[in-house]
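For the sequence shown, counting from 1, position 230 maps to 230 in UniProt numbering; every step adds exactly one.
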Amino acid sequence: MDNTQWRYYMTRLKLMPFVTYILLILTALMFVAESLLGGSTNSETLATVGANYGPFVANGEWWRLISAMFIHIGFLHIATNGVMIYAVGTQIEQLFGHWRTLVIYLGSGILGNLTSFALGRMNTLSAGASTALFGLFGAFLMLGVSYRQEPYFQMAGRQFATLIILNLVIDIVMPQVDIWGHIGGAIGGYLLGMGLALPARYGKLPWWQRILGIAVTVVAAAVLYTLGMSRYGG
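Encoded structure:
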């Protein structure tokens, strides 16, 4: 393979949204595991594979704050979220790049699950990629606010603001939905998107704004974890 071919393949790899693909594959594999272990709607199975459950998190099983975003309850749940992960994740990855996308997805998912742990209904199983998905929505909202010089970002920001509001309204009338997880995920995505910022070719955010985004995320996570532990007597 000569240098030209090598550069071609490396460029193709750089442009490919492989982080989004990997997240989709992991989510699909987890759903297969759920199905084999007793069914994706079985509460005992969900608890076993790592759904977010306050008493278990308070007992030291902090990893559930991560694993829960890869677990889904029923085929419709994973199908809907899978389509959204692909549709929104590929756009975010094209703009933010690979590692920023991964941090936003995982970080906002964790913050959403922490918010559910601290403020959601007690002793209730919760699972799904929607905490992380709302983080991607929040990152798009941040673009509309912080990169106002780009008409596309302004338009996308308005669209995703509307999408967030509509989904939260639906959450209110559907009590089985984890609204606090969605709220926390959206806030996490906004803050992490601001803290990581887009690559320099899109323009630079002020340094203080980026530090603020990361600092508020860390403080919020610590406060929510403390509240959750206190709530469950951990």
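Even glycine gets a Cβ: it sits at the ideal position worked out from N, Cα and C.
Because the structure is a prediction, the values reported are computed rather than measured.
Quick one: is the Cβ of residue i within less than 7 Å of any heavy atom of the ligand ZN?
i, result
"phenylalanine 18", "The model depicted lacks the ligand ZN and carries no ligand whatsoever."
Return the first residue and the last residue of the alpha helix (DSSP H) that residue i is part of.
i, result
"glycine 54", "54 to 58"
"threonine 217", "207 to 231"
"glutamine 91", "75 to 96"
"proline 151", "151 to 173"
"glycine 195", "179 to 196"
"serine 43", "43 to 49"
"serine 40", "Premise fails: serine 40 is in no alpha helix (DSSP H) and is neither H nor E."
"arginine 148", "Neither: arginine 148 is in no alpha helix (DSSP H) and is coded neither H nor E."
"arginine 64", "64 to 67"
Evaluate residue i with the Cβ neighbour count: other Cβ atoms within 10 Å of its Cβ, from every protein chain shown; 16 or more gives buried, anything less gives exposed.
i, result
"alanine 222", "exposed"
"asparagine 123", "exposed"
"leucine 81", "The displayed chain sequence assigns asparagine, not leucine, to residue 81. With 16 or more other Cβ atoms within 10 Å, it is buried."
"arginine 201", "exposed"
"serine 43", "exposed"
"serine 116", "buried"
"alanine 118", "buried"
"arginine 100", "buried"
"glycine 189", "buried"
"leucine 29", "exposed"
Can you tell which of the options has the C-alpha that lies nearest to the C-alpha of residue i?
i, options, result
"glutamate 34", "Ala51, Val19, Leu23", "Ala51"
"glycine 112", "Tyr147, Gly97, Gly181", "Gly181"
"threonine 45", "Val57, Gly120, Phe31, Phe96", "Phe31"
"phenylalanine 18", "Asn123, Gly39, Gly97, Gln154", "Gly97"
"glutamine 176", "Ser126, Arg64, Leu227", "Ser126"
"threonine 131", "Ile183, Gly203, Gly74", "Ile183"
"leucine 76", "Phe140, Gly188, Ser40", "Ser40"
"glutamine 209", "Tyr147, Gly128, Asn42, Gln159", "Tyr147"
"phenylalanine 134", "Tyr225, Ile165, Phe56, Phe153", "Ile165"
"glutamate 150", "Tyr190, Gly189, Lys204, Met229", "Lys204"
"glycine 195", "Ile214, Ala47, Tyr53", "Ile214"
"isoleucine 66", "Ile92, Gly193, Leu102", "Leu102"
"leucine 15", "Asn167, Gly193, Gln91, Thr27", "Gln91"
"alanine 129", "Val145, Ile71, Arg158", "Ile71"
"glutamine 159", "Ala220, Trp63, Glu61, Ala139", "Ala139"
"methionine 229", "Val145, Phe153, Ala58, Asn167", "Ala58"
"alanine 87", "Ala47, Leu24, Tyr53", "Leu24"
If you run the structure through DSSP and keep just helix, strand and coil, what is residue i?
i, result
"serine 130", "helix"
"asparagine 113", "helix"
"arginine 100", "helix"
"threonine 27", "helix"
"glutamate 61", "coil"
"arginine 121", "coil"
"lysine 14", "helix"
"isoleucine 71", "coil"
"leucine 203", "Sequence inspection shows glycine at residue 203; the leucine mentioned does not correspond to that position. In this structure, glycine 203 counts as coil in the three-state DSSP scheme."
Assuming the contact rule is C-beta atoms closer than 8 Å, residue i and residue j should be a hit. Round their C-beta distance to whole Å, please.
i, j, result
"leucine 198", "leucine 95", "6 Å"
"glycine 89", "leucine 143", "Glycine 89 to leucine 143, Cβ: 15 Å. No contact."
"glycine 109", "glycine 185", "6 Å"
"threonine 20", "isoleucine 85", "7 Å"
"leucine 106", "leucine 224", "Not a contact, Cβ separation roughly 16 Å."
"alanine 161", "leucine 141", "5 Å"
"isoleucine 187", "isoleucine 179", "Incorrect: roughly 13 Å between the Cβ atoms, too far for contact."
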